[in-house]
Amino acid sequence: MDGGMSYQRFPKVKIREMKDDMVKFELRETDASVANALRRVMIAEVPTVAIDLVEIEVNSSVLNDEFIAHRLGLIPLTSDRAMSMRFSRDCDACDGDGQCEFCSVEFHLRAKCLTDQTLDVTSKDLYSSDHTVVPVEFSDPNDPGEQRGIIIVKLRRGQELRLRAIARKGIGKDHAKWSPAATVTFMYEPMIRINEDLMDTLSLEEKRTWIESSPTKVFDLDPVTQQVVVVEPELYTYDDEVIKKADAMGKSGLVEIEAKEDSFIFTVESTGAIKASQLVLNAIEILKQKLDAVRLSDDTVEADDQFGELGAHLRGG
Amino acid sequence: MNAPDRYERFVVPEGTKKVSYERDTKIINAASFTIEREDHTVGNILRMQLHRDPNVLFAGYKLPHPLQYKIIVRIHTTSQSSPMQAYNQAINDLDKELDHLKNGFETEMAKHSREF
Numbered sequence: 001m002d003g004g005m006s007y008q009r010f011p012k013v014k015i016r017e018m019k020d021d022m023v024k025f026e027l028r029e030t031d032a033s034v035a036n037a038l039r040r041v042m043i044a045e046v047p048t049v050a051i052d053l054v055e056i057e058v059n060s061s062v063l064n065d066e067f068i069a070h071r072l073g074l075i076p077l078t079s080d081r082a083m084s085m086r087f088s089r090d091c092d093a094c095d096g097d098g099q100c101e102f103c104s105v106e107f108h109l110r111a112k113c114l115t116d117q118t119l120d121v122t123s124k125d126l127y128s129s130d131h132t133v134v135p136v137e138f139s140d141p142n143d144p145g146e147q148r149g150i151i152i153v154k155l156r157r158g159q160e161l162r163l164r165a166i167a168r169k170g171i172g173k174d175h176a177k178w179s180p181a182a183t184v185t186f187m188y189e190p191m192i193r194i195n196e197d198l199m200d201t202l203s204l205e206e207k208r209t210w211i212e213s214s215p216t217k218v219f220d221l222d223p224v225t226q227q228v229v230v231v232e233p234e235l236y237t238y239d240d241e242v243i244k245k246a247d248a249m250g251k252s253g254l255v256e257i258e259a260k261e262d263s264f265i266f267t268v269e270s271t272g273a274i275k276a277s278q279l280v281l282n283a284i285e286i287l288k289q290k291l292d293a294v295r296l297s298d299d300t301v302e303a304d305d306q307f308g309e310l311g312a313h314l315r316g317g
Numbered sequence: 001m002n003a004p005d006r007y008e009r010f011v012v013p014e015g016t017k018k019v020s021y022e023r024d025t026k027i028i029n030a031a032s033f034t035i036e037r038e039d040h041t042v043g044n045i046l047r048m049q050l051h052r053d054p055n056v057l058f059a060g061y062k063l064p065h066p067l068q069y070k071i072i073v074r075i076h077t078t079s080q081s082s083p084m085q086a087y088n089q090a091i092n093d094l095d096k097e098l099d100h101l102k103n104g105f106e107t108e109m110a111k112h113s114r115e116f
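Chains as they are written, first to last, in full-length UniProt numbering: chain A, 1 to 317; chain B, 1 to 116.
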């Protein structure tokens, strides 16, 4: 039945910048539906591990139990293992209460303030039963040497916090705490063409005011030739300001800007749960799994074959 | 508390089929596919891929209601093809496209890790 024509595309990728928590890449020769599916999957369907169940033994802090439980849930945990873990709801090694090695990780936190100095309880005070799943390293960009934890609560003299927490695998669709993406965006690559003949009719002052009309610095004046040049096309936000300005100056068609519909620039930022580059790869893998899940089952095809015969018969075939 | 479980949004209930197929009774070579627990992510890529097939006369999807976690994909083809054939072809092509994308991304990653 199959084996007809293939209408497959062969998209091209080019990574521009790759850091642990950020990647910027170009995606070409595909369409917006694929780019958007990737973005959606990265945000809502790539699994991570996050605290999902908290048992509080002692809490004499100023924050109530559920407030602390919520804050614990939002702490990103290193989730490189998440893709191979099980969801606790379909784990058969445990009752789904999440205490087995396949689907959960246990954490303990014990903190008591014994001095007059306020005690910061941070993600560094969380002790994990599994060294592969720990709160992410977090440092101040202005002071990269020192690792600072994420503050959970502050305690004054005599206050205490003691709890047990269970982290589980989950996806952002369930709760945003499981989303590995801080931001995922893509934009169409802009094609900017200046009508040089028309541009030459502008005085230097007019050129300057026209350049100034763009909210972002897309254009500039060449210091040598005094010509208007495109310095950074990707700063263009499709705001149409320069086009309106040209119209107002009576120079319609001074610049032509179009969005290349098969060319995208992605910016992916991760929360630190997984590397940004891994996030992209996991998203592709998840999308493949999703497509595989929507294939027609054999019994559906079989039922239709019978229907087909019946239909052909009814039609007098 | 009678709130429905959050996972009801993305876990297919037991005894329900992920994809069901229903032929159009009036038009030949037209059919609807009901896909349980999927949304625009899958619906839109399938639709756009189906549009690349010249034998597909119509392809569209809808999310009938935001609280009904399913999509309906409707396909109408020429007599040279069938909705089922077009549907399978679209999935296969997308799958291969993503394979290609994955390989491309991995080679680029290797290139970048060498540079730094």
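C-beta: ideal position from N, C-alpha, C; glycine also.
Through-space distance from residue j to residue i, alpha-carbon basis
i	j	result
valine 73 of chain B	aspartate 52 of chain A	35 Å
aspartate 53 of chain B	valine 301 of chain A	21 Å
aspartate 174 of chain A	leucine 296 of chain A	26 Å
tyrosine 7 of chain A	glutamine 49 of chain B	8 Å
glutamate 38 of chain B	tyrosine 21 of chain B	15 Å
valine 294 of chain A	methionine 85 of chain A	22 Å
arginine 47 of chain B	serine 270 of chain A	30 Å
serine 203 of chain A	aspartate 20 of chain A	48 Å
isoleucine 68 of chain A	valine 153 of chain A	8 Å
tyrosine 188 of chain A	arginine 40 of chain A	17 Å
lysine 251 of chain A	lysine 70 of chain B	51 Å
residue 318 of chain A	methionine 22 of chain A	Nothing about residue 318 of chain A can be reported from this structure: the residues present for chain A run from 1 to 317 only.
asparagine 91 of chain A	arginine 168 of chain A	The sequence given here has cysteine at residue 91 of chain A, not asparagine. Going by the C-alpha atoms only, they are around 11 Å apart.
alanine 93 of chain A	serine 79 of chain A	21 Å
histidine 70 of chain A	histidine 65 of chain B	30 Å
isoleucine 166 of chain A	valine 54 of chain A	6 Å
valine 19 of chain B	asparagine 29 of chain B	18 Å
glutamine 289 of chain A	aspartate 305 of chain A	27 Å
valine 255 of chain A	arginine 89 of chain A	57 Å
isoleucine 194 of chain A	aspartate 240 of chain A	14 Å
glutamate 258 of chain A	alanine 31 of chain B	37 Å
glycine 316 of chain A	methionine 84 of chain B	With a pLDDT of 48 at glycine 316 of chain A, under the threshold of 50, the modelled position of that residue is not reliable, and the figure given next carries that caveat. Going by the C-alpha atoms only, they are around 22 Å apart.
aspartate 24 of chain B	tyrosine 61 of chain B	15 Å
Residue i vs residue j beta-carbon contact at 7 Å
i	j	result
valine 136 of chain A	valine 105 of chain A	no
leucine 98 of chain B	leucine 38 of chain A	no
methionine 42 of chain A	alanine 303 of chain A	no
leucine 155 of chain A	cysteine 113 of chain A	yes
asparagine 55 of chain B	threonine 77 of chain B	yes
isoleucine 150 of chain A	serine 123 of chain A	yes
residue 321 of chain A	histidine 100 of chain B	In the structure as shown, chain A begins at 1 and stops at 317. Residue 321 of chain A is therefore absent and cannot be evaluated.
alanine 59 of chain B	isoleucine 35 of chain B	no
histidine 108 of chain A	arginine 164 of chain A	yes
proline 223 of chain A	valine 46 of chain A	no
leucine 63 of chain B	leucine 291 of chain A	no
methionine 199 of chain A	valine 228 of chain A	yes
glutamate 29 of chain A	lysine 14 of chain A	no
alanine 111 of chain A	aspartate 120 of chain A	no
phenylalanine 25 of chain A	phenylalanine 186 of chain A	no
serine 277 of chain A	lysine 245 of chain A	no
residue 327 of chain A	phenylalanine 264 of chain A	With chain A represented from 1 up to 317, any question about residue 327 of chain A goes unanswered, as that position is not in the structure.
histidine 112 of chain B	methionine 5 of chain A	no
valine 184 of chain A	valine 62 of chain A	no
Simplified DSSP assignment, three categories, for residue i
i	result
glycine 317 of chain A	At glycine 317 of chain A the pLDDT is 43, less than 50, meaning the model places this residue with poor confidence; the figure from the coordinates comes in the next sentence. Coil at glycine 317 of chain A, not helix or strand.
threonine 201 of chain A	coil
tyrosine 87 of chain B	helix
aspartate 2 of chain A	Caution is warranted here: a pLDDT of 47 is assigned to aspartate 2 of chain A, below 50, making its placement in the model unreliable, and no coordinate value can be reported.
phenylalanine 10 of chain B	coil
cysteine 278 of chain A	According to the sequence shown, residue 278 of chain A is glutamine rather than cysteine. DSSP places glutamine 278 of chain A in helix when its eight states are reduced to three.
aspartate 125 of chain A	helix
arginine 114 of chain B	helix
cysteine 103 of chain A	coil
isoleucine 72 of chain B	strand
proline 135 of chain A	strand
serine 263 of chain A	strand
histidine 100 of chain B	helix
Own chain partners of residue i with C-beta closer than 8 Å, once the 5 adjacent residues on each side are dropped
i	result
valine 218 of chain A	Ile192, Val230, Val231, Glu232, Pro233, Leu235, Tyr236 and Val242
proline 190 of chain A	Pro233, Glu234, Tyr236, Tyr238, Ile257, Glu258, Ala259 and Lys260
Nonlocal neighbours in the same chain, by C-beta distance under 6 Å from residue i, ignoring five residues either side
i	result
tryptophan 178 of chain A	Thr48, Ala50, Gly170, Ile171 and Gly172
valine 58 of chain A	Glu160 and Arg162
proline 76 of chain A	Val136, Thr271, Gly272 and Ala273
arginine 157 of chain A	Cys113 and Asp116
Cutoff 7 Å; reference residue i; Cβ partners in own chain excluding five residues on either side
i	result
methionine 1 of chain A	Confidence in methionine 1 of chain A is poor, its pLDDT being 46 and thus under 50, which makes the residue's placement too unreliable to answer from.
methionine 83 of chain A	Pro47 and Asn282
aspartate 220 of chain A	Ile211, Val229 and Val231
Distance cut-off 6 Å: residue i Cβ against heavy atoms of the ligand SAM
i	result
threonine 115 of chain A	For the ligand SAM, the structure offers nothing, since it holds no ligand at all.
Q: Using a Cβ-Cβ cut-off of less than 8 Å, list which residues of the segment 261 to 294 of chain A approach chain C; keep chain order.
A: No chain C appears in this structure, whose protein chains are A and B.
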